[in-house]
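Colleague:
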Amino acid sequence: MKVTFLRPNIGRLANGPYIDEGRMEPLTLGVVAAYTPADVECVMYDDRMEDIPFDESTDLAAITVELYNARRAYEIAVEYQRRGVPVVMGGFQPTLVPDECLEHADAIVTGDAETIWPTVVNDAREGRLQRIYRGGTDYPQPGGVLPRRDLFKGKGYLPVSLVQYGRGCRFACDFCAITTFFNRTQVVRPVEDVIAEINGQDRKLIFFIDDNLVSDHEAAKRLMRALIPLKIRWVSQGSIDMTEDPELMELIEASGCQGFVIGFESVQQTSIRGMRKAPNLSRKFKGWDLYARQVEILRKHHLQTWAAFTLGHDNDTVESIDATFHFAEENRFCFAAFNILMPYPSTPLHKRLEAEGRLLWDGKWWLHPDYRFNHAAFIPKNMTPDELTEAVWQCRDRWNSRKSILKRLWDFQTHLNSPYRLGTYLVYNKLYAHETLTKHGMFFGNHHDSVLPQRQAS
Ligand code: B12
Ligand code: SF4
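Numbered per this note's numbering, the sequence shown spans residues -12 to 445.
1. Assign Thr106 to one of two classes, buried (16 or more other C-beta atoms within 10 Å of its C-beta) or exposed (fewer than that).
2. How many angstroms separate the CA atom of Asn267 from the CA atom of Trp386?
3. Considering only residues of the same chain and omitting the five flanking positions on each side of Tyr120, which have a CB-CB separation below 6 Å?
4. What is the residue span of the alpha helix (DSSP H) that Gln381 lies within?
5. Taking 8 Å as the threshold (C-beta atoms), are Tyr419 and Phe322 in contact?
6. Given His204, which residues of its chain have a CB within under 6 Å of its CB, disregarding the five upstream and five downstream residues?
7. With Gln256 as the anchor, note down where its alpha helix (DSSP H) starts and where it stops.
8. For Ile185, count neighbouring C-beta atoms within 10 Å of its own C-beta (all shown protein chains included) and say buried if the count is 16 or more, exposed if not.
9. Write down the C-beta distance between Val305 and Glu374 rounded to the nearest angstrom, noting that I regard them as a contact closer than 8 Å.
10. Using C-beta distances below 6 Å, list every residue in its chain close to Arg35, excluding the 5 sequence neighbours before and after it, in chain order.
11. Have a look at Val379, His337 and Val30 and flag the residue whose alpha-carbon is nearest the alpha-carbon of Asp137.
12. Run the proximity test for Gln19: is its beta-carbon closer than 7 Å to any non-hydrogen atom belonging to ligand 1?
13. Can you look up Ser44 in the DSSP assignment and give me helix, strand or coil?
14. Report the option in Ile196, Ala183, Val248 and Phe195 whose CA atom is closest to the CA atom of Leu217.
15. Am I right that Gly17 and Val52 are in contact with their C-beta atoms under 8 Å? What's the rounded C-beta distance?
16. Label Glu43 either buried or exposed according to how many other C-beta atoms from any shown protein chain fall within 10 Å of its C-beta, with 16 as the threshold for buried.
17. In this structure, how does DSSP classify Gln281 when only helix, strand and coil are distinguished?
18. Less than 8 Å between the beta carbons of Gln441 and Glu90, yes or no?
19. Just checking my contact of Tyr412 with Gln291 at CB under 8 Å: how many whole Å lie between their CB atoms?
20. Any chance the CB of Lys191 is under 7 Å from a heavy atom of ligand 2?
21. Any chance the region 136 to 156 sits against the region 188 to 204, with 3 or more Cβ pairs inside 8 Å?
22. With Ile392 as the anchor, note down where its alpha helix (DSSP H) starts and where it stops.
23. Report the start-end ranges of each alpha helix (DSSP H) in the region 309 to 383 that is 4 residues or longer and not cut off at the edges.
24. Just confirm the distance between the C-beta atoms of Leu133 and Ala21, as a whole number of angstroms; I'd bet it's less than 8 Å.
25. Any contact between the region 326 to 333 and the region 158 to 177? By contact I mean 3 or more CB pairs, one from each, below 8 Å.
26. Can you find the residues in the same chain that come closer than 7 Å, C-beta to C-beta, to His402, ignoring five residues on each side of it along the sequence?
27. Going by the CB atoms, is the gap between Val175 and Phe153 shorter than 8 Å?
28. May I have the straight-line CA-CA distance separating Tyr55 from Phe41, to the nearest angstrom?
29. Comparing the CB of Ile448 with every heavy atom of ligand 1, is any distance shorter than 7 Å?
30. At which residue ranges does the region 48 to 123 contain complete alpha helix (DSSP H) runs of 4 or more residues, listed in the order of the chain?
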C-alpha cells in the first residue's frame, strides 16, 4: 500500500502561480507519516513549490487542511477522487469545520492523529474507510516517535528544524483558533523525548512551533534547563507574560533563544481587554505603559522580537492602527506581522460577529472566489472594511521599506549584539519583506471557478 501526503498552497497571484520562498518543513505531515504502519510506502508533495503528480499511482491521499489553504485542499481532493483514490483530510479545518470538509473528503480525522492514524490506514487498505475518525488529545508524538524528516529532503526548505514540545495554550483570547481546538489546555512531551529528537537531527537552529512555549512557566523551565548543554540556537512563539518571571528569562537566554513571536495584538488597552488577551494585562507591572517594561526586559536578554498585531478590533481606529506602526518601529522590533483581525470559524469572535451580522463574504471568506489574502472579512466598528484593509497595508508597506529596515537595525542590545544576530536581521528582513509584499492580495485556491466541485465517489 502507498499513502501520498499533501500540503496545499494558499493560492495564486493575480499574474501567475505563487511559490512560497519562506517555506518551512511541514512537520505536521512528517509526524502523521511517522505513525503510518511500517509496511506502507509514504511519499509527500508540497504544493507550495512543487507540482503534484496526480497521475502517480497511490492508494490514499492524505491532506493537511487549514483555513487558509482549504479552498486549494478541496481542489486537490477532487483531482484524486477523479482518479479513484480516496481522500482523507486532517488538521484544523476538519476539526473546527467538519461538515465543510466532509463535503470534499471521503474521511476526516479530527483532533490529533497519532493514536487513530494506523486504524485509518488499515481501514483504507481493507476498503472500509469510515467518514469520521476522532483523534485523541494525548501529548504530541507519544512513544518517542520521531517525525519522518527524510520526506523533507531536497525540497528547499529554510535551514531550520521544526520541533514541538507542547500543544495548546492556557489562555482564551477571543479570536484564537488554538484555544478552541485545544479547549484552553496545554500538553507537553517528556523533555527527554524532545532532547532525543533534537540530537537525532543535524541542525543547530530549532523552531519550537508550540502555540505558546511559555504557557506554563515551570514546564518551559524544565525544557530550557535541558537545552543548555546542547548549545543550540532556537526561536519560538510565546506570550509576553514571560517577562514577569526573571528566572524564566534567564533560562530563555542561557538556553540559546534568539527571539519569540509575541502577540502584542494592540497598543490600546481597551482592545486588549475586549479580546480577553489576559497575558498582555500584566499583574506585576501596574499601569498601562505600552509594554515599555516588557520590551526592555526582552531587549536586556538580547531577544530579536517578532511582534504580531491583530488590527480591526472594536476600539481600533485608522489612527490607532497608525500608532501601532510607530510603536513597532520605535521599539525596533526585528520583524512584525500587521495582521487584519480575521474571524476564524468556531472562535468566540466569529460567533459574535455572525450574531451581529458583521461577517462579509457570506461568512466564509476562506472559500469565496473573490476574497483576497489580507483583505478585511468583516465590518469593523470605526472604519469601513476597505479603510481597514488599506490601513493595514500601509503598515506592511512602510515596515518592509528599506528606510524602516535600516532605522530598526540600530540596536546594540539585539540586532547588533553579534554577527549572527545581524545576519538574521538582514537575511530574514529581506526574505519576509519580499514574501509579505508578494502575497498581499492573492486569491485563494488555484482555480477561479465560482463554485467549488464537490466530493466525487471513489
Ligand atoms: C508552525 C506554524 C506555522 C509556520 C509554518 C509551518 C510550515 N511548516 O510551513 C509559519 C510561522 C510560517 C506559519 C504560517 C502561517 N500560519 Co501557521 N501555524 C503553525 C503552528 C504553530 C504549528 C503547525 C505545526 O507544525 N504543528 C505540528 C503538528 C505535528 O501538529 P498539527 O499541525 O496540529 O497536526 C496534528 C493534527 O492537527 C492532525 N493533522 C493535521 N494535518 C493532518 C492531516 C492528516 C491527513 C491527518 C490524518 C491528521 C492531520 O494530526 C497532527 C498530529 O497530531 C500552527 C498551530 C498548531 N498548533 O498546529 C499554526 C497555524 C496552523 N497557522 C495558522 C495560520 C493562520 C497561518 C498563516 C495563514 C498566518 C498568516 N496570516 O500569514 C500562515 C500561512 C502559511 C502558509 N503558507 O500556509 C493557523 C491556522 C488557523 C486555522 N483555523 O486553520 C494556526 C492554527 C495558528 C493559529 N493561531 O490559529 N504557521
Ligand atoms: S495567548 Fe496566543 S495562543 Fe494563547 S489563546 Fe491567546 S492568542 Fe491563542
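All C-beta atoms, glycine included, are put in the ideal place defined by N, C-alpha and C.
Modeller: Let me lay it out:
1. The residue is exposed, with fewer than 16 neighbouring Cβ atoms inside 10 Å.
2. Between Asn267 and Trp386, the C-alpha separation is close to 23 Å.
3. Val96, Ile103 and Val107.
4. Its alpha helix (DSSP H) spans residues Pro372 to Trp386.
5. Phe322 places its beta carbon less than 8 Å from that of Tyr419.
6. These residues qualify, in order along the chain: Asp232 and Leu235.
7. Unbroken alpha helix (DSSP H) run through Gln256: Gln256 to Gly261.
8. Ile185 is buried by the Cβ-count criterion.
9. Rounded, the Cβ-Cβ distance is 6 Å, consistent with contact.
10. Contacts found: Asn(-4), Asp7 and Arg10.
11. Closest option to Asp137, Cα to Cα, is Val30.
12. One point to set straight first is that residue 19 is Val, not Gln, in the sequence displayed. Yes.
13. Reduced to three states, the DSSP call for Ser44 is coil.
14. When Ile196, Ala183, Val248 and Phe195 are compared, the shortest CA-CA separation from Leu217 is found for Ala183.
15. A Cβ-Cβ separation of about 17 Å leaves Gly17 out of contact with Val52 under the 8 Å criterion.
16. Exposed is the call here.
17. Correct three-state label for Gln281: helix.
18. Going by C-beta atoms, Gln441 is nearer than 8 Å to Glu90.
19. That pair is a contact at about 7 Å.
20. Checking every heavy atom of ligand 2 against the Cβ of Lys191, none is found closer than 7 Å.
21. Yes: the two stretches touch, three or more of their Cβ pairs being nearer than 8 Å.
22. Per DSSP, Ile392 belongs to the alpha helix (DSSP H) from Arg389 to Leu396.
23. Runs of alpha helix (DSSP H) with 4 or more residues, each lying fully within the region 309 to 383, are found at 335 to 342, listed in chain order.
24. About 6 Å separates the two Cβ atoms, so the contact holds.
25. Taking 8 Å as the limit for Cβ pairs, the verdict is that the region 158 to 177 does touch the region 326 to 333.
26. Closer than 7 Å at Cβ, skipping near neighbours: Gln291, Cys321, Leu396, Arg408, Leu409 and Tyr412.
27. Here residue 153 turns out to be Gly, not Phe, going by the sequence shown. Cβ atoms of Gly153 and Val175: closer than 8 Å.
28. Counting only the Cα atoms, Phe41 lies some 22 Å from Tyr55.
29. Only positions -12 to 445 of the chain appear in this structure, which leaves residue 448 out of reach.
30. You should have 57 to 69, 79 to 83, 85 to 89 and 104 to 112.
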